[in-house]
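Undergrad:
Number of protein chains: 2
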Amino acid sequence: MKLTRRQQDIYDYLHENAERFAHPPTYDELCQQLGLSSRGSLHKHIQALIEAGLVEPMEGRQGIRLVEWQQADTGIPHMGAIAAGRPIEALAQPEFLPLPEFLLSKHPCYALTVKGESMIEAGIMDGDLVVIEKRDNARNGEIVVALINDAEATLKRLQNNHDGSVTLIAENSAMPPMTYAAEQVQIQGVLLSLLRRY
Amino acid sequence: MKLTRRQQDIYDYLHENAERFAHPPTYDELCQQLGLSSRGSLHKHIQALIEAGLVEPMEGRQGIRLVEWQQADTGIPHMGAIAAGRPIEALAQPEFLPLPEFLLSKHPCYALTVKGESMIEAGIMDGDLVVIEKRDNARNGEIVVALINDAEATLKRLQNNHDGSVTLIAENSAMPPMTYAAEQVQIQGVLLSLLRRY
DNA sequence: TAGCATGGAGAACAATTGGAAAACAGACGA
DNA sequence: TCGTCTGTTTTCCAATTGTTCTCCATGCTA
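From first to last, the protein sequence lines are chains A and B.
Residue 198, in my numbering, is where the first sequence stops; the numbers in between run on with no holes.
Residue 1198, in my numbering, is where the second sequence stops; the numbers in between run on with no holes.
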């Protein structure tokens, strides 16, 4: 959503002065800084910024207000590569990928490069970039990043069994499903979207 | 569509100064910069540029206006769906997807939703979004959007044969390659990247 | 020469934007 | 309990902005 001029001004101001505010500023402080004499006017603009998702009201309902800016601006970190059976190869310096919102979720995300063909029948190929939502739990049938025995990371389809064990299913008929005790498997995230360059 | 001299002037000006405008310029600002004294006159030219598809009005219909259509800024248009054997189903109103540069090229691009499973063995699944670079030619082995007999659009791997004919290869062992005379096949773009939401 | 396309001026118009002011409700400290 | 500080809501108003309209000038061409 596009901002009007004044909305952009105010957003820019908040952005630039984010560090200068010890606490998030009150409306009165902002009015003074921005040359407004009515909190009501400011309120309209702030409301627009909230609608646009660029700013968030403080949890404490009172006194102060604050600006958050999140992955929509910075992008999500590309953490490295995941290959079935090995730990995640972390990049020394994570690279940030600016992605459009519709590929993300409201929760923190990160990106991994897929190595290998264990999910090829789900359309995930060697070299693809996957966007993962950071979560420690997942529902049946979701494709997850799982850490097995604190050692191997892998991208597989999840199946929670009735007896409490967990089965990780490779979408590759050459690779059989593997079943583990619940405590052996730690969910590190859930597959959200996929990018591929040709 | 052809532009008149002044229309071209104005378009050039907008293009060159795109970065200098913090917000999209108002008509008054443009009039001043372009040496006009009547917004009404400018309006006629802008209207012509809009008709020509070179410029777009801002969403908020007022206050500030005029956006360049540059894919880095605006995003690329989602034109509709492509299903093997049918014309492209165009969306009434193309939706614009802001994508990071590394998924695009320097040339004009557009996005299509893939229907069907004809390319499933290339990792392209039903419902995937593909980014296409607008081109009327392609090299051997590239995956292209091809229009056959001015009627059917399809996404296939291209093979130019020695005798001048063209073979379109579905990446699906259930579908045999099809060979056409060169004049039957018109290339409309080349596959650049792929997006998928889960 | 008349006709037409292009380019521009200016006035009038409606919608939106940006702002002021007043009043209100909840939180909090004295 | 009372006053104060906060965000919120509402009403009103002025300026700005895109749009539409009419009128005019110029250059080209049939």
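From the three backbone atoms N, C-alpha and C, an ideal C-beta is built for every residue, glycine too.
Below 8 Å on the Cβ atoms is my contact criterion, and I expect residue 57 of chain A with residue 65 of chain A to pass it. Report the Cβ-Cβ distance as a whole number of Å.
TA: Yes, they are in contact, since the Cβ atoms of residue 57 of chain A and residue 65 of chain A sit about 6 Å apart, within 8 Å.
Undergrad: Which residues of the segment 1172-1197 of chain B have a Cβ closer than 8 Å to any Cβ of chain A? Give them in chain order.
TA: Flagged, chain order: 1191, 1192, 1193, 1194, 1195, 1196, 1197.
Undergrad: To test your reading of the DSSP string, which unbroken beta strand (DSSP E) runs of 3 or more residues are found completely within the segment 1096-1126 of chain B?
TA: Those beta strand (DSSP E) runs which fall completely within the segment 1096-1126 of chain B and span 3+ residues are 1109-1115.
Undergrad: I need the boundaries of the beta strand (DSSP E) containing residue 82 of chain A, first residue and last residue.
TA: Counting along the chain, the beta strand (DSSP E) containing residue 82 of chain A begins and ends at 76-83.
Undergrad: For residue 1175 of chain B, write down the residues that DSSP places opposite it in a beta bridge.
TA: DSSP lists no partner for residue 1175 of chain B.
Undergrad: Is there a C-beta anywhere in chain A that falls below 8 Å from the one on residue 1143 of chain B?
TA: For residue 1143 of chain B, the answer is yes, since a Cβ of chain A falls inside 8 Å of its Cβ.
Undergrad: Tell me which residues of the segment 123-140 of chain A have at least one Cβ-Cβ distance to chain B shorter than 8 Å, keeping chain order.
TA: Those residues of the segment 123-140 of chain A that come within reach of chain B (Cβ to Cβ, closer than 8 Å) are 123, 124, 125, 128.
Undergrad: How big is the Cα-Cα spacing for residue 164 of chain A and residue 1171 of chain B?
TA: Roughly 40 Å separates the two Cα atoms.
Undergrad: Whose C-alpha, out of B:1197, B:1118, B:1135, B:1127, is nearest the C-alpha of residue 1106 of chain B?
TA: Cα-wise, what sits closest to residue 1106 of chain B is B:1135.
Undergrad: Can you pull the DSSP bridge partners for residue 165 of chain A?
TA: In DSSP, residue 165 of chain A forms no bridge with anything.
Undergrad: In terms of residue numbering, what span does the alpha helix (DSSP H) encompassing residue 1035 of chain B cover?
TA: That residue, residue 1035 of chain B, is in no alpha helix (DSSP H); it is neither H nor E in DSSP.
Undergrad: In angstroms with no decimal places, state the Cα-to-Cα distance between residue 1080 of chain B and residue 1089 of chain B.
TA: The straight-line gap from Cα to Cα measures roughly 5 Å.
Undergrad: Quick one: give me the first and last residue of the alpha helix (DSSP H) that residue 187 of chain A is part of.
TA: Element bounds for residue 187 of chain A: not the alpha helix (DSSP H) but the beta strand (DSSP E), 185-197.
Undergrad: Please name the residues in the segment 1097-1111 of chain B whose beta-carbon is closer than 8 Å to at least one beta-carbon of chain A, in chain order.
TA: Answer set for the segment 1097-1111 of chain B: 1097, 1098, 1099, 1100, 1102, 1103.
Undergrad: Would you mind reading off the limits of the alpha helix (DSSP H) that contains residue 1005 of chain B?
TA: Taken as a continuous stretch (DSSP letters only), the alpha helix (DSSP H) holding residue 1005 of chain B covers 1005-1016.
Undergrad: Beta-carbon of residue 1058 of chain B versus every beta-carbon of chain A: anything under 8 Å?
TA: Interface residue, yes.
Undergrad: Got a sec: is the Cβ-Cβ distance from residue 1023 of chain B to anything in chain A below 8 Å?
TA: By this cut-off, residue 1023 of chain B is an interface position.
Undergrad: Does the distance from the CB of residue 1145 of chain B to the CB of residue 1128 of chain B come in under 8 Å?
TA: In this structure, residue 1128 of chain B does not lie closer than 8 Å to residue 1145 of chain B by Cβ.
Undergrad: Keeping to the same chain, check which residues put their C-beta closer than 6 Å to that of residue 1143 of chain B; ignore five residues upstream and five downstream.
TA: Excluding sequence neighbours, residue 1143 of chain B sits near 1157, 1191.
Undergrad: Can the beta-carbon of residue 147 of chain A be found closer than 8 Å to that of residue 186 of chain A?
TA: Yes. Within cutoff.
Undergrad: Could you tell me whether the Cβ of residue 44 of chain A comes closer than 8 Å to any Cβ of chain B?
TA: For residue 44 of chain A, the answer is no, since every Cβ of chain B falls outside 8 Å of its Cβ.
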